[in-house]
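First the structure, in the form of structure tokens, and then the observations on it.
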Amino acid sequence: MRMAEGIREGKSVSPDASRFTRKRFDLAGDELTGNDAMAILSRVTGRNFTYYQVPLDVVRQRMGEDAVKMYEWFDRVGFAVDRVALRREFPDVDFQDFESWAKTQDWNALLS
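If you read the sequence shown in our numbering, its first letter stands for residue 1, the second for the next number, and so on.
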């Protein structure tokens, strides 16, 4: 079962819910750069995508200083998930990577 499917359907991903008490789990299927994501989308859709990072001045003008701080944090620190430990902790969960997810989308409808 994919974890997201289990959560959507209200199912437990473990018969022993007590093992989750007062614990936090960061979830991730994979870790990609913007260029990696665009390469996958280009391959999956058959269309050419190019990554473009919006300059922080534009982010500031359109979204405000809080958004700038968030994007600066993404660049400076970013998210880190120990995916090996996550899979070891949840061996029965089929974590989905970006490419697998992208292959399930109706790109003709989404990009028309």
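Don't be surprised by glycine CBs; every beta carbon is placed ideally from N, CA and C.
DSSP, read as helix, strand or coil, puts G34 in helix. Three or more Cβ pairs closer than 8 Å define a contact, and the stretch 32 to 52 falls short of that threshold against the stretch 79 to 95.
With 16 or more other Cβ atoms inside 10 Å of its own Cβ, G29 counts as buried. F98: member of the alpha helix (DSSP H) spanning 98 to 103, first to last residue.
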